[in-house]
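Position one of the sequence shown corresponds to residue 1 (UniProt numbering), numbered consecutively onward.
Note that CB positions come from ideal geometry on N, CA and C, so glycine has one too.
Remember, it's a predicted structure, so these values are computed and weren't measured experimentally.
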Amino acid sequence: MKPRPFPDLLGFLKTACTHASHQGRDLPLVPFYVKEHPVGWLRPSFAGELRRWPHVFEVDASWVALKGAPDTVAGRTAALDEVTRALAKEGQIRGWREEPVSISWHYAAPELLRVERAASRHFGFVSYGVHANGFTRRGGEVHTWISRRAADKAVDPGMLDNLVGGRIAAGSTVDETLRKEAWEEAGIPPARLAGVYCSSAVRVEYAVPEGLHREVLFVHDLWLPADFTPANQDGEVQEIQLLRNEDVVSRILDGEFTLDAGAVTIDGLLRQGVPVPEDPQYLDLLRLLKP
């Protein structure tokens, strides 16, 4: 039998939340500044690539700063757009979506610039997303709806995911994103979301080939009636299945979940008493998930 990549839920979160666990933090990175704010982290090799645009970046051995001209949101956005489109044309940035995301030093802080979503990992920007656990009761037992990502997805194709999940596009709110993604990914109409509010926020951070994935996910728990079956609308999901919570945990430990979705799922399971507070790992799981 193939060994599990994760010994337990704590081992999974130590991989998904390296900012909190300090596991795998030997990746050399340099800070990326916009004005006085360190909003990103770059691999040194990628920082060296940016020397090709001296009118856009000031590149030092230990840091990189954006020089927007004019030094406004629009000016910074245009400067970075010039660079990212050139890198995409060269094949260094892949999966271009024409989907700008907002960059600031803190969520809901004044916007510093906008950047194509596909470039987020290269610059180590913190992105923000909305995810939702889909729960229901069958035979008195809590089950979880789990999606399988389409095989043609640019990131993590074919892996297990939350029932609902999506990046917050520039100019959108958490609530707007939840309603949009709930319909597109699971066929959940807005009426079923009445009274649903953000339950938690989870931060994930881990190294990827492009650089560093950093994301804060606003988590919602959707309790769906037993006679409701989710149905994908946008083609980004190849399968939606209903699993007992013990089977969900097994799939996480088997490495079938994306790191983001696994962290969100563990966060939701904790609210369902999986594991219970008396578990020796309980408080460490809570700690690692905190933004």
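Strand pairing of residue i, partner residues [DSSP]
i, result
"Glu116", "Pro100"
"Ser21", "DSSP, once it has assigned bridges, lists no residue as partnering Ser21."
"Val204", "Glu215"
"Phe257", "Leu160"
"Tyr128", "Val216"
"Ser147", "Asp161, Ile240"
"Arg137", "Val142"
"Ala30", "Position check: residue 30 holds Val in this sequence, whereas Ala was assumed. Its beta-bridge partners are Leu42."
"Trp223", "Phe135"
"Gly166", "Val130"
"His106", "Answer by DSSP bridge pairing: none, since His106 is not bridged."
"His37", "Val34"
Cβ-Cβ distance between residue i and residue j below 8 Å
i, j, result
"residue 351", "Asp267", "With the chain covering 1 to 291 only, the question about residue 351 has no answer from this structure."
"Ile146", "Gln272", "no"
"Val56", "Val83", "yes"
"Thr144", "Val276", "no"
"Gln281", "Leu10", "yes"
"Pro110", "Trp63", "no"
"Leu222", "Val264", "no"
"Val34", "Arg76", "yes"
"Arg12", "Met159", "A quick correction: the sequence has Phe, not Arg, at residue 12. No, they are not a contact pair."
"Ala169", "Val237", "no"
"Leu243", "Phe135", "no"
"Ala118", "Arg94", "yes"
"Ala194", "Ile188", "no"
"Glu116", "Glu99", "yes"
"Ile103", "Leu113", "yes"
"Arg121", "Glu210", "yes"
"residue 292", "Ala226", "There is no way to answer for residue 292, as the model of the chain reaches only from 1 to 291."
"Leu270", "His220", "no"
"Pro5", "Gly262", "no"
"Val274", "Asn245", "yes"
Delimiting residues of the alpha helix (DSSP H) encompassing residue i
i, result
"Glu90", "Run containing Glu90: none; DSSP gives neither H nor E here."
"Ser199", "No alpha helix (DSSP H) holds Ser199; DSSP gives it neither H nor E."
"Arg94", "From DSSP, Arg94 is part of no alpha helix (DSSP H); its letter is neither H nor E."
"Trp183", "174-186"
"Asp284", "282-289"
Host beta strand (DSSP E) of residue i (start-end)
i, result
"Phe12", "It is not in any beta strand (DSSP E) - Phe12 instead sits in the alpha helix (DSSP H) that spans 9-16."
"Trp63", "Premise fails: Trp63 is in no beta strand (DSSP E) and is neither H nor E."
Next item on the list: May I ask you to verify whether the segment 192-211 touches the segment 6-21, counting CB pairs closer than 8 Å and requiring at least 3?
Entry: yes
Margin query: Three Cβ pairs or more, each shorter than 8 Å: is that satisfied between the segment 227-245 and the segment 43-61?
Written below: At 8 Å Cβ cutoff, the stretches do not touch.
Item checked: Meets three-Cβ-pair contact criterion under 8 Å: the segment 57-75 and the segment 232-248 -> no
Next item on the list: Examine the Cβ distances between the segment 163-172 and the segment 122-136 and report whether three or more of them are shorter than 8 Å.
Entry: yes
Next item on the list: Please confirm if the segment 113-129 is in contact with the segment 210-222, defined as three or more CB-CB distances below 8 Å between the two stretches.
Entry: Three or more beta-carbon pairs drawn from the segment 113-129 and the segment 210-222 are found closer than 8 Å, and the two stretches are therefore classed as touching.
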